[in-house]
Each structure stands twice: as structure tokens, then as C-alpha cells.
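Trainee:
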Amino acid sequence: MKKRVITLLSLFMIASLLAAACGGGGSAGPSVIKIATQSPLSGGQSAIGVDIKNGAELALEQLKKPLEDMGFKVELAPYDDQANPDTGVANAKNIVADPAVLCVVGHYNSGVQIPSSEVYHASNLANVSPANTNPKVTDRGYLEVSRIVGRDDVQGVVAAQFAISKGMKSAYVIHDKTAYGQGIAEFFKREAEKGGMQVLGFEGTEEKANFDAILAPMLSANPDVVFFGGIYDQASVLFKQAREKGYMGMLLSDDGYDSPEAINIGGPSLLEGGGLYYTTVAGPAKLYPGTAKFQQDFKAKYGADPKPFAAQGYDAMALCLKGIENAAKEAGNKLPTREAVAKAIRALKDFPGITGTINFNAKGDLVTAKYFVIQVVSADPAMWNDNKIDQTLDIAPPE
Amino acid sequence: MRRLLNATVLIEILRPLGQIAVFVAGAGLILSALMLGMAVLLRGSTVDATTMKNYGVDLFTYTLVNLPQVLIDGVTIGFVYAAIALGYTMVYGVLEFINFAHSEIFAIGAFVGVEVLIALDNSGRLDGIPYTMAYFWLFLAVLAAMVAAGATAVAMERIAYRPLRGAPRLVPLISAIGVSFFLQDAIRLIESLTTGQFHRIIPTFGNFDQQISLASLYIVGTKIDLVMQVKSVIVIVSAIVMVVGLNYLVNATKLGKAIRSVAQDRVTANLMGINVNRIIAMTFLIGGTLGGAAGVLFALKFTRIDPFVGFFPGLKAFTAAVLGGIGNITGALLGGLVLGMLETFSGSYLSVFTMGAFGAEYKDILAFAILILVLIFRPSGLLGEQVGQKA
Amino acid sequence: MNKGLLNQFSQQAHTLLAELKKSKNATIFILAYLAIGTIWVYLSPRSLLAFLLFISSAILIYYLPLTTRFKIGLSAVMLLVLVPILGVRNIFYLEVIFQISVFAALALGLNIVVGFAGLLDLGYVAFYAVGAYLWAFFGSQQPYLLYEIPGTAPPGTPFLLPADMFYLFMFLGIILAAFTGILLGLPVLRLRGDYLAIVTLGFGEVIRVLANNLDKPLNITNGPQGITPIQRPSLPEPLLNALRAVLNPIVGHNVTEGEFYNLFFYLLALLVILVVIVVVRRLDDSKIGRAWIAIREDETAAIAMGIPLVRLKLAAFAAGASFAGVMGVLFAASRTFVSPESFSFMQSIGVLSMVILGGLGSIPGVIVGAAVVIILNLQVLQGLSLYLSQLRQSDAVIPIINFAWKNLSTQLDPAKYQRMLFGIILIVMMIYRPAGLIPAERRKRELTREEILENEELHPDGGDAPNPTGQSTSGEAKHGAA
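Protein chains in written order, with this note's numbering: chain Y, 1 to 399; chain X, 400 to 790; chain L, 791 to 1272.
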């Protein structure tokens, strides 16, 4: 044993030195710019995490031309944060240690984004968040951290205002026990109560399949609207089971619901009774040519419809590229510093993204987010793009 | 020691049926009485007033009105847990080894079954077919799932467990965890190759979603329809068939005798001319097929599956097996039922009884608290035999 | 031809080895090895090979025939001088080594429970969570936010305690976690092995569910949003400036406060490990340690020998838990953020696999196990998938079959299948080295003796049902004694 280890290690040293000698030359090509993504690529949350990466990858391919024309080589460096803060922070440190990385698109879980962005902040590395809705993400006031999704205290409010405007008197709030779902649900509840609605119940569940237990009190309460804070794959199963058990009121969810797969899971019964609605910042493809093109390209490349936050992943990457481009121009077509990139991203004005026109405030939130409340009109997943805009709300984040 | 020999076929079939009836009735009655009792105790309290405000009825009426549905839901999920727990208990009984990868065997069953149904659906064979045909196709899907899951279980035993037989107990456990990781990602890889999606939805066909009205009750002036979905009935019936069948197999056939002897003393069984390796492989095969069938039933009942679908039901089922007394078939059944009902009861009532302070999520805590309580007073589980350590 | 080259290599290595038998040559060899590793990492701070070379010199120090004093001195130089310098040059390495030390401390704690006393604990991170949430609650603004909506804090909320109370809470973390361990242990420790496993597993889930749900009725844990910011103990500015004066020219940039905190927590974790090692080594040779092993091997016989079973099991449980508790406090402060995601069942399994991969009951083994799992997870597998992703973005083709990397389906992205690789590694390890990378000395002795005994007996299929953890049979003995 002992001998074997020592022999192995000696061999290892020789081999690695040889490898270094052979491969260590390092050709002097064009200067490389890397943009990292961090999202869960393995494990149960990878369905969304992979699509965030794919959205970013698509944007990189389509929009890297200007930077390549300036003589840079642009690369994607996809990291897997495993939805785990430890891995996320370690990756973040790996990312900041690579001088070629100038921007990070990242994180699906706020619980991973918050500690990881401390690392980006310490190295002035820009981080555009495609999916973190927790107020704390931007409330720390870091120049480096911007986000292109609505905060919890904006999204939840939008949904509640919509429900009130529809004359709903009572609501039952269910969430998925993640920072995202619960955050939105909490603010929905607060706004709904402020607006005079009665909130009959507030429940969280990590359950993915069996909602029998939490549906029993919901059915007894028979609320006008059921709000679900979370992602479509859970929401649709819950909605379906609620309809099966005879609930006929309105079903309402958040931008985690925006996927054709949602109606595929739920089936036609969801559209009955009070109907099925969700709030989102990404406009329906029919009205927004950018969205339609994104969906086509995405499907062509990855063989499936984009899931929620894929479009945000695309926009986050687009912002990174544009920011780097502007900073590079400012530096006289040279490789810009990280700080310059972070400043350039924050300074972008009226950036035409596929999820809307993007302007940041001092904290890094969207100045005013345009929210659509969308009614699902067809049980055919292929008709998802024909969904009807029921309301459009402009809402500014709290300062 | 139980008497093993000369058990007649009929007794081996009737006994578990009787046990099921007793368990369901017993667990249901105890929990219902507990809930109603608490509702009576809390009469006139703020809890009562809040219930009145939110639901328009007082706490006792609320409890009573919801009771039948909660019972039905609890029994259904209880049988699902029991069906999965059988796989754990079989393997544990023979090898004294926690087969961590059983939850992935369950997931493989679910995926194969659902993929068969999706293929049938895509070829149009499920459109507007008569109910008998719907049941036939479902049966076919379950059968396919059983074959696939059983084969995977046997392969897993051959590759990852057999070389480790006789090693310290923790070694195969870690290997099982490795198998579990491997299978999760293997399913994900295969499923996402075609469309990039790795979850699947079971197609809607037949009359499985229909509600059957069992009875209408009038409780304190409120009419309650006792309804049950056809698929819940299918789940319960299939689980009963599995339990009875397995019980028969283990207690009344020659193979069962061989399995029991291997479980009792591997060396002696070997000396008696029993092919120990073959019997252990058979055990995995049986556990795997049962897990596979349970997977399809789970998909049927709850619609959506993904490669990680097995984890929580697996955990619960394993808890159920321990609760009932691991290594014991009827124990797995009792454990599953108790756990399922307990969960549904706490999930449905906890929030109301605590005015929303403690939500449905606390059901898991309650389940484990009960487990610890039971193990304190009966260290080998509810039906476990009081035996010392195996030498 | 390749084979010939390899033979030549191994022959040379063997002559080298024969030379190394002499202590003087060994000294030169390890110094050279360490120096090459250090210089290489220093010169190309992003090379994975260099880092592995550097890290592996720790194993060499352990194995080479050197005097104990020299070994300790060299390890101290490596851990206290070289690691900080290289770590500040590339903070990723510092993070990796920090995580290795955190998880090594956790694994050493778990090793007391599983390796020595033979109690299978599948919910070990629960105690880690207890420690983490203890400081997260008292070291943040949370005590003033009990009635706020989770995730919101009115501006200007003060902190309850001064940051330097952290040190006190490290001790409180030990006490609270040990207390929790006893509380859990009292009812369940008379259960047999597997029942204990499921109860601890359940307990782990209970703690996580509590952390996730105790935002109602009083907002204690802030639910899934997690608690942040959590205070870190203050570092005296004059000391930092003094250190900067030394470090800045060596590492080539101004060392920031954040990097000093990284260093500080790394050193603190080292200190905990040192304490754990001393305690464990003392225990191992003490009456308690021998009693634990007696319990592990045969409970009935242990009782017959007059060993107070429950009290000793509780002691093992509490000792293991207390180390997790103190690491939890440290973790909360180093991250300044705590959320339930850090305490999942997967983490418990992760720590357990470190213990078993490294070698149950073996201190160096467990540390190596932690290092292997962390490096594999954070560096090797991530590095591999990044490399492949790079290939896919280039014009490279696979030689011979002439397949362009570009056309590789994105579904086959290795980044997505890290868990699968990890699973395969676990299985292969268990089949070929079940006693772990560095088997425990005591077990090795037992195994060699057993092998002799077994040759006299007839075992039809590799032995009968084993004891909860202890007895091993032919299969393992073969590997263990190698």
C-alpha cells in the first residue's frame, strides 16, 4: 500500500510535469473574454437551471459578433452550482480567479446567489441575475449585481392587484417553500389583505405530487382565487388535483408558470370555471417579435420549448455582452476592466431585451417593470403563444 | 418463532386481507377519534372562532365534514407507501441491508410504464377506447414496468451488491447510494435525449380520472358526498393484490421457504442445498417488480414524474417499513397505512387547528416523532419480532 | 511500446523507492516534491495539475519514512505558510482548502459516531445546522425581526450582539449541539443499528424542515429566504496592515479584508481539526475508546463485560455532534449567510461517504476522504465539463472518427451528469477498496488476524451476516491487508 502510493505519486509528478511541458506552451491567440453562467445543471432543479444556461448560450452565439469584430474571442463558461451555496461560492471564487471572465449570468436560487455575489462584489465582477427575486439580492446596493426579474415585493403585488381588480373577495395562497415562491406569496398575501381581500389560508409545501392533504382545507374554504407562488411543474399538478376535487374558482400563478408545458401537465380542466392566469414580464410571443424569434431559435437548437427564466437567461447574457462591448469601446478596443464592465452594464439605457425594455435604478432593479397578466386560453401547448393579455401593469420597485 | 409449515393456501390469502381490514379500520378510527376529541376540547376557543370566520362552520363541524375525504386520501397514499415499502422490507429481511436505490427502481418502473402509455397514446391507440381496453393497456404498462424494474434490480444486485456480500454493513450501503445517484442521472440522461425534458406526464385516457360517488352522508345538517377517484380505487386494489400475493409467495410456496431460510441463516441454507445467490437475486427481482408496479400506480395517481420522483416516497416508505417492523410484510403494510393516514391527517388539519401557525409541512416532523415514539416502546417496530442481534 | 515505457518508469520508481528507504533521501525527495508543487502553483495559479501536485505532497509527507518531528514541521510549514500564500494568490484554492478543512472536521466528528462506536448516523448535518442557526440567529438582526415578513428588514435594524461574541458562541455551539445529540440519543440509542439509521435520517429532515418553516408564527429562521447578514468577528486593523506588508509583495496584489477573512476562517477550521485529532487520538487509546470498539464489535459481549452501554453511546453521539456544532457556528460566520439548502440529506450522505471512502475509523483516511470528495466535486468534475464545453465551442474534432465536438448533443453535456460520475466512483471504490483509501490501523490488525482464522473455516459465500459495522470477512480482508 505504502509503496504503491509513493510510486504512484512519483509517477504522477513526472507525468504532470511532462504534460505541463508539452501543453504549457500556450499559443498567443486573440484575447479571450469569458462569460460564466452559474445555475443548477444537475439534480432536481436542473430543468430550469439548464434552460437558464441554454438561454444564455443562445444569446452568446447570436450576439457575440460585435465583440468578435473587435478582435476578441468570446466563450461561455457554464458552471453547475448544484443549487448548493457551498458549491456556488466555490465556483464563484473559481470564476473570479479566472481573469478572462468579465461577467456572470447567474443563479437560479437566491440562497446561492446571495453568498456567491459577495464574492463577485469583492472582485468587482458584474453579475446579472436572471431569476433571483429576493429583495436582498439588490438591497445590498452592490454596483456589480443587477437583475432583470421583478422583485418578490413587485410580482406578488401585481398579482394581488389583479385579483382585486377582478372583484375577488377571498384568496387561498399556496407556495413551494422556496425563497422564490414563498417570497412572492408573502407579498401577495400582504397586498391582498391591504386591498380588502380575505386570505383564507397560507400554506407552503415541498410536495411535488400528492396535494391531497393541503387541498382538503382549501376546498372547505372555497376561495374565489387560488394563488400559487412557485414553478409550473408543481403549480399545474396542484391546480389539476384541485379541479379534479371540484374547485371551480380562479387559478393564478407567477412568472414561474410561463411554459407551454404547464398546460400539458394540467390539461383542459384548468381553463374551466374562473380560468387560469399568470403574471409575467416576458410579453406573449404574438405581440413581441423578439420573444417569438427567441422561442423559435431556442426550439430549433435545444429541441424543446424554453422553460421559465430561459428568456431572462438570454437577456442577462445580452446585457453582459453589450456592457462588455461598451466598456471595451471606452477602453479603446482593449480588454476592459471588470469594474468598467459592471459600470457599463448598470449604465445601459433603454436596452431592448426580449423580456422588455431594460433600465436599471441605483440598486440594480428594473426602473419600472412592465407586467402582463396573461390568461391561458387553450389547452393545446402549441397554442401557448396565443394566450390573451388580460391586463398590463407598470410598477416601480420600492426604493 | 412462527409456525412455518403446512399453512394452507386459503389461510395465507385470507389472513393478510383480514389484517388489512383491521389495520385500516383501526388506524382510521383512532386518528378520527383523536381529531374529533381535540375539536371538542377546543370548542369556544379562538381556534374555533377563526375557523368560523374562514370556513363558516365551527371547528367540530369542519373536522367532521372533512373526515371522510381525509380518510380516503390517507388510505390511498398509505397503500402507495406500503407497496413501495414491500421492496425495502423484502431485501432487508434477507440481507439486512437498506437498499437505498429502491427509490430509483421505483422511478424506473414509473418511467417505463408512462413511456409505454405515451407511445400508445402517440399511435392513437388510447383515443376513445372502451374502458376494458383502457384497463388492458394500463395492465400492459404495469407489466412492462415490472419487467424493467425487476431486471434493473437484479442487474444492480449482480454488479454493485454481490461483490460486497460479507463486507461490513456500511460498505454496501454506500454502494447503494452510488447506485442511486447513478440511476437518477441515467434516467435523466435517457429521458432528456429526445426532447430535452426529463419529466413525463401520464396520458389521460380511460375513466381513471372519474369520481365515483360512494355514498352521501348527512352530518350535522350538511350533505357530504363521499367520492373517490377511479384511479385511487385502482391503486388500493393493486396494492392489496401485491401484499396478498407477496405474503402468499413468501409463506406458502417452496421459493418462499427458500427465501425465509436464507434470511434466517445463509450458511445453513447453503448447506441444505439452497442456491443462496439465486435466492438473493430472486429477492431483488421480487422487490424490484413490486417497486416498478408501485411506480406506475404512483404516476397514475399523481400525474407527473421525474427522475427524482422516488426520493421522498422512498424515504417515507422506508420509514413505514421500519415503523411496521422491517423485514415483515404485514408490518410494511401497517407502517405504510399509519404513515399515510398520519400525514394526510396532519396535512389537512394541522393548519386549521393551529390557526395557520404550523402549516402542512409539519406533517413530516409529526411522522418522524411518531416513529421515534413507537421505536421507544417497541424497538423493533409495531409488528417486528423481538429478536436479539444476529450473530 | 507504451508498455515498455511504463515498465521502465516503474522500475525507475522502484529504485527510487529503495533509495528512499534511507531517511535522508526521503527528506530530499519530499522537499523537492513540495517545492515543485509550490513553485508551479505560484507561477501558474490556475493549473489544476499543479494544485493536485501540491495537495498530494501532504499524502507523501504522511507515507514517507521521515522522523515524526520533521513530518509535523513540514506539515506546519505547508498548512500555515504555503497554503495561505498560494491561497491568497488564487482564492479559489483557499476556498477549496477551506471547504476541505470544514468537511474534514465534520467527517472526523462523524467518524467518532460511526467509525468508533459503530452507530450509523444518516442525519449528521442536523447538528451542523443547529450550530449554524445558533450563531445565525444571535449574530444577525433576526432577533429584532421576529414579527416581520420573511425576507424583509426595516432599514437600520441593529444587531443584537457585538460581533466578537462569535468566540463565545463557538463554545455555546459545542454545548447546544452536544445537548441536542443527547436529547436525540436518549430515546433511540437502545435501538439496533438500522433503526438508529432511519431515526437519525428522520431527525436530519426534521431539523431542515424546522429551519424551512420556523418563519411562522415567530420569524426565527427566516424560512427558505435564509438569514443574512451574519456578523464575523472583527479583525484588528493594525494586524492586517502588518500582514499586508509581508504578504502583498509575495502574492502580487493588495490583500483585501475578504481574503483575510477567508484566511482567518481557514486557520480557525484547522484549529478545530487539530483539537478533533488530539481528542480522537486520546480517546482511541483510552478506556472509553476501547469500550466504544467493544460496543461496535459486539454489544452483548460489551454489556457482559460491564460496559455502561447507553452512557458510552451517548458520549459518542454527543462528542460527534459537538464538533458539527462548532463547525456550524464557523460556517455561518464565514458565509455570513445561512439557509436550509445547506443542510439537506445529500449533505449528510456526502459527509458519510467522505468517512467511508477515506477509511472508517482512520483519522488520516477521513481527512483524505474529505479532500478527495471536495476536490472531485469542485475541481475535477467541474473542470472536466468546462473543458468539454470549451471543446464544443472550438473547431476541434475527435481524431480517428473525425467527429466535431460542436455536433455533440447538448443533452450529453457532462456538466449535467456529475452525480452519475460520483455514483460510479462510489460503487467502484466500494467494490475494490471497501476498507477505504487509508484503512484504520486497528482494523488492519484485526483484519490480518481474521484472515488467518478464516483460512481454517469454510465459508460458502463469503461469510455470514455481519455485525452492525464491525466484523469483516474475506472479501474485505484481502483488500484491507494489501
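In this text, a Cβ means the ideal position worked out from N, Cα and C, and glycines have one as well.
For Leu-563/X, which residues in the same chain have their Cβ closer than 8 Å to its Cβ, ignoring the five residues on either side in sequence?
Mentor: Excluding positions up to five away in sequence, the list reads Val-570, Pro-571, Ser-574.
Trainee: Closest to Asp-705/X by C-alpha separation, out of Gly-783/X, Ile-586/X, Gly-427/X, would be which residue?
Mentor: The candidate whose alpha carbon is nearest that of Asp-705/X is Ile-586/X.
Trainee: Since Cys-103/Y sits in a beta bridge, which residues does DSSP pair it with?
Mentor: Note: Cys-103/Y sits in a beta bridge opposite Ile-35/Y, Ala-126/Y.
Trainee: When you compare each of Phe-956/L, Leu-981/L, Ser-1179/L, Val-996/L to Thr-970/L by their alpha carbons, which one comes out closest?
Mentor: Out of Phe-956/L, Leu-981/L, Ser-1179/L, Val-996/L, Val-996/L has the C-alpha closest to the C-alpha of Thr-970/L.
Trainee: For the structure I just gave you, are there three or more beta carbon pairs, one from the segment 154 to 165 of chain Y and one from the segment 250 to 259 of chain Y, closer than 8 Å?
Mentor: Yes, since at least three Cβ pairs between the segment 154 to 165 of chain Y and the segment 250 to 259 of chain Y fall closer than 8 Å, the two stretches touch.
Trainee: What in chain X is Cβ-close to Pro-217/Y, meaning under 7 Å?
Mentor: In chain order: Ser-747, Ser-750, Val-751.
Trainee: Here's a check: name, in chain order, each residue in its chain whose Cβ is nearer than 7 Å to the Cβ of Val-446/X, leaving out the five neighbours to either side.
Mentor: Closer than 7 Å at the Cβ level, and outside the excluded window around Val-446/X, lie Leu-458, Phe-752, Met-754.
Trainee: Please list, in chain order, the chain L residues whose beta carbon lies closer than 8 Å to that of Asn-109/Y.
Mentor: What Asn-109/Y touches in chain L: Glu-1131.
Trainee: Which of helix, strand or coil does DSSP assign to Ile-1097/L?
Mentor: Residue state, collapsed to three classes: coil.
Trainee: What number of angstroms, rounded off, separates the C-alpha of Ser-834/L from the C-alpha of Leu-1057/L?
Mentor: C-alpha separation (whole angstroms): 24 Å.
Trainee: Could you have a look at Asp-705/X and say whether DSSP puts it in helix, strand or coil?
Mentor: In the structure shown, Asp-705/X sits in coil (DSSP, three-state: anything other than H, G, I, E or B).
Trainee: Let's test the definition: count the other Cβ atoms within 10 Å of the Cβ of Val-1100/L and tell me whether it reaches 16, buried, or not, exposed.
Mentor: Exposed.
Trainee: So, under 8 Å CB-CB, Leu-898/L and Phe-1113/L are touching, yes? Tell me the CB distance rounded to an integer number of Å.
Mentor: Leu-898/L to Phe-1113/L, Cβ: 7 Å. Contact.
Trainee: Helix, strand or coil: which one does DSSP assign to Asp-297/Y?
Mentor: Three-state result, Asp-297/Y: helix.
Trainee: Report yes if the CB atom of Met-641/X is closer than 8 Å to the CB atom of Val-474/X, and no otherwise.
Mentor: Taking 8 Å as the Cβ cut-off, Met-641/X and Val-474/X do not qualify as a contacting pair.
Trainee: Name the chain Y residues whose beta carbon is nearer than 9 Å to that of Tyr-454/X?
Mentor: The contacting residues are Leu-200, Pro-217, Ser-220, Ala-221, Asn-222.
Trainee: Could you list which residues in chain Y have their beta carbon closer than 8 Å to that of Tyr-461/X, in chain order?
Mentor: Going along chain Y in sequence order, the residues near Tyr-461/X (Cβ under 8 Å) are Ser-220.
Trainee: Would you mind stating whether Ser-612/X and Lys-622/X have Cβ atoms separated by less than 8 Å?
Mentor: Contact: no.
Trainee: When the Cα of Ala-131/Y is compared with those of Ala-362/Y, Gly-249/Y, Lys-34/Y, Ala-179/Y, which residue comes out closest?
Mentor: If we check each option's Cα against that of Ala-131/Y, Ala-179/Y comes out closest.
Trainee: What does Pro-352/Y pair with, by DSSP beta-bridge criteria?
Mentor: According to DSSP, which records beta bridges pairwise, Pro-352/Y is partnered with Thr-357/Y.
Trainee: Among residues of its own chain, excluding the 5 on either side of Leu-41/Y, which ones have a beta-carbon nearer than 6 Å to its beta-carbon?
Mentor: Once the five neighbours on either side are set aside, the close Cβ partners of Leu-41/Y are Gly-49, Val-50, Asp-80.
Trainee: So, is His-598/X buried or exposed, given that buried needs 16 or more other C-beta atoms within 10 angstroms?
Mentor: So His-598/X ends up on the buried side.
Trainee: Going along the segment 758 to 778 of chain X in order, which residues come within less than 8 Å of chain Y, judged by CB to CB distance?
Mentor: Correct list: Gly-758, Ala-759, Glu-760, Lys-762.
Trainee: Using DSSP's beta-bridge definition, name the partner residues of Phe-1193/L.
Mentor: According to DSSP, Phe-1193/L bridges with Ile-1188/L.
Trainee: Among residues of its own chain, excluding the 5 on either side of Gly-975/L, which ones have a beta-carbon nearer than 6 Å to its beta-carbon?
Mentor: Same-chain partners within the cutoff: Leu-1104, Phe-1107.
Trainee: Does the CB of Asp-584/X have a neighbour CB from chain L at under 8 Å?
Mentor: So yes, Asp-584/X belongs to the interface.
Trainee: Please indicate yes or no: does the CB of Ala-311/Y lie closer than 7 Å to some heavy atom of the ligand SAM?
Mentor: Absence of the ligand SAM is noted for the structure shown, with no ligands found whatsoever.
Trainee: Measure the beta-carbon distance from Asn-385/Y to Pro-284/Y and round it to whole angstroms, keeping in mind my assumption that it falls under 8 Å.
Mentor: Confirmed, about 6 Å.
Trainee: Out of Ala-1225/L, Glu-1049/L, Ile-1164/L, Ile-1153/L, state which residue places its alpha-carbon closest to the alpha-carbon of Ile-1063/L.
Mentor: Among Ala-1225/L, Glu-1049/L, Ile-1164/L, Ile-1153/L, the Cα nearest to that of Ile-1063/L is on Ile-1153/L.
Trainee: Looking at the C-beta of Leu-1057/L, does it have a partner C-beta in chain Y at a distance below 8 Å?
Mentor: No, its Cβ sits nowhere closer than 8 Å to a Cβ of chain Y.
Trainee: Between which two residues does the beta strand (DSSP E) carrying Pro-78/Y extend?
Mentor: Unbroken beta strand (DSSP E) run through Pro-78/Y: 73 to 80.
Trainee: Go through its chain and collect everything with a Cβ distance to Gly-274/Y's Cβ below 6 Å, but skip five positions before and after it.
Mentor: Around Gly-274/Y: Gly-249, Met-250.
Trainee: Could you list which residues in chain X have their beta carbon closer than 8 Å to that of Ile-265/Y, in chain order?
Mentor: Here the neighbours are Ile-600, Thr-702, Arg-703.
Trainee: Tell me whether Ile-623/X sits in a helix, a strand or coil according to DSSP, three-state version.
Mentor: Strand at Ile-623/X.
Trainee: Got a sec: is the Cβ-Cβ distance from Thr-449/X to anything in chain Y below 8 Å?
Mentor: No, because no Cβ of chain Y sits closer than 8 Å to the Cβ of Thr-449/X.
Trainee: Would Thr-743/X pass as an interface residue toward chain L - the criterion being a Cβ-Cβ separation below 8 Å?
Mentor: No, Thr-743/X does not count as interfacial toward chain L.
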